[in-house]
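Have a look at the structure below, then the notes.
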Amino acid sequence: MAKRKIGLALSGGVGYCLAHIGVLKLIEEQGIEVDCVAGTSGGALIGAFYASGIRADRMEQIAATISWNRLVAPTRVLSSKGLVSSEPIEHMVDELIGRGRRFSELKLPFSVVAVDLLSGHEVIFPQGPGDLVAPAVRASCSVPVVFGPVRMGEWMLSDGGIKAPLPVDALRRFKPDVAIGVVFDTGHYEPKNLFEIGLRSMSLANDKMLELYDKELDLLVRVDTGEVPNWDLKLAMGLVEVGYQAAARQLDKLRACAMGEAC
Numbered sequence: 006m007a008k009r010k011i012g013l014a015l016s017g018g019v020g021y022c023l024a025h026i027g028v029l030k031l032i033e034e035q036g037i038e039v040d041c042v043a044g045t046s047g048g049a050l051i052g053a054f055y056a057s058g059i060r061a062d063r064m065e066q067i068a069a070t071i072s073w074n075r076l077v078a079p080t081r082v083l084s085s086k087g088l089v090s091s092e093p094i095e096h097m098v099d100e101l102i103g104r105g106r107r108f109s110e111l112k113l114p115f116s117v118v119a120v121d122l123l124s125g126h127e128v129i130f131p132q133g134p135g136d137l138v139a140p141a142v143r144a145s146c147s148v149p150v151v152f153g154p155v156r157m158g159e160w161m162l163s164d165g166g167i168k169a170p171l172p173v174d175a176l177r178r179f180k181p182d183v184a185i186g187v188v189f190d191t192g193h194y195e196p197k198n199l200f201e202i203g204l205r206s207m208s209l210a211n212d213k214m215l216e217l218y219d220k221e222l223d224l225l226v227r228v229d230t231g232e233v234p235n236w237d238l239k240l241a242m243g244l245v246e247v248g249y250q251a252a253a254r255q256l257d258k259l260r261a262c263a264m265g266e267a268c
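Under this note's numbering, the first residue of the sequence shown is numbered 6, with each subsequent residue one higher.
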């Protein structure tokens, strides 16, 4: 039986994106070969690493040692357009996957979703001036109000989760035989400041939209994040294991998808 082309869509979620690492770890352990990836927001970050050839174990090491607070904590006053700059995210991606790397140079076909605040339309990279991976990932991760928008050509770009919390359309461009999505079920917690309120509001808006994707995918892996706030990156390290276990519960279906059987 011919191998099926497997595509993976990774949802956004700031700190929740660390759960994607756990899902990828199980997929790697099972020898399931992913052929194409699409990511939104935090999913774009993890997707960029994976598409560049960084393995899940290495991603976990990076997440455990890097100074995450330096990248997202509200310490840089940007302007009236955002509390902080997302520029450090771009620098980190460049550093880890190779400075100035283009989408065409990645090991897997990869796409990223952002939203143009001027037109209100989704922008799916690579396209136009957006053929560099790191700036596209930065734009996709730029949560409104928290991060200022990213100027690229005629676009004013913000978080892809505004319109596509799970990048199904972006993944479909690669024409996978099997489309697998990873999303988060968020729990109850109280945001304490404007930074946290912005991230929490985005997360809640995405929750409702994600309900619509179930029928568009062959398999949806749902990760229960419990009461971990999506901005607490230290606590979110525990979500690597939570993501692994969520994928393990779907292992029979994952294997069936990979073997060409009904998921």
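Think of the CB as a built atom: it goes at the ideal place given N, C-alpha and C, for glycine as much as any other residue.
Grab me the residues of Leu240's own chain with a C-beta within less than 8 Å of its C-beta, minus the 5 sequence neighbours each way, in chain order. Numbered from its first residue, the sequence shown carries residue 240 at position 235. Same-chain partners within the cutoff: Gly20, Val233, Pro234.
Mapping the DSSP letters down to three states, classify Ser116 as helix, strand or coil. The residue given as residue 116 occupies position 111 in the sequence shown. Ser116 falls in the strand class under three-state DSSP.
Alpha carbon of Phe115 to alpha carbon of Leu256, nearest angstrom: On the sequence shown, position 110 is the one that residue 115 refers to. On the sequence shown, position 251 is the one that residue 256 refers to. The alpha-carbon of Phe115 is positioned some 24 Å away from that of Leu256.
Determine, using beta-carbon pairs with one atom in the stretch 42 to 53 and one in the stretch 108 to 122, whether at least three such pairs fall under 8 Å. yes
Could you round the C-beta distance between Val188 and Leu225 to whole angstroms and report it? I think they count as a contact, below 8 Å. Within the sequence shown, residue 188 is the residue found at index 183, counting from 1. Within the sequence shown, residue 225 is the residue found at index 220, counting from 1. Yes, Val188 and Leu225 are in contact; Cβ-Cβ is about 6 Å, under 8 Å.
The stretch 51 to 59 / the stretch 119 to 136 touching (three or more Cβ pairs under 8 Å): no
Within 10 angstroms of its Cβ, does His96 collect 16 or more other Cβ (buried), or is it exposed? Taking the sequence shown and counting its residues from 1, one reaches residue 96 at position 91. Answer is exposed; the Cβ neighbour count stays below 16.
Determine the contact status of Val28 and Ala251, defining contact as a CB-CB distance below 8 Å. Against the sequence shown, residue 28 aligns to sequence position 23. Against the sequence shown, residue 251 aligns to sequence position 246. It is a contact, given that the beta carbons lie within the stated cut-off.
Below 8 Å, can you find three or more Cβ-Cβ pairs linking the stretch 133 to 150 to the stretch 92 to 109? yes
Nearest candidate by alpha-carbon position, reference Gly166, set Pro134, Ile185, Ser206: If you number the sequence shown from 1, residue 166 lands on position 161. Gly166 has its Cα closest to that of Ser206, out of Pro134, Ile185, Ser206.
Would a C-beta distance cut-off of 8 Å place Gly36 and Lys112 closer than the cut-off? For the purposes of this step, residue 36 is identified with residue 31 of the sequence shown, where counting begins at 1. For the purposes of this step, residue 112 is identified with residue 107 of the sequence shown, where counting begins at 1. Judged by their CB atoms, Gly36 and Lys112 are not nearer to each other than the 8 Å cut-off.
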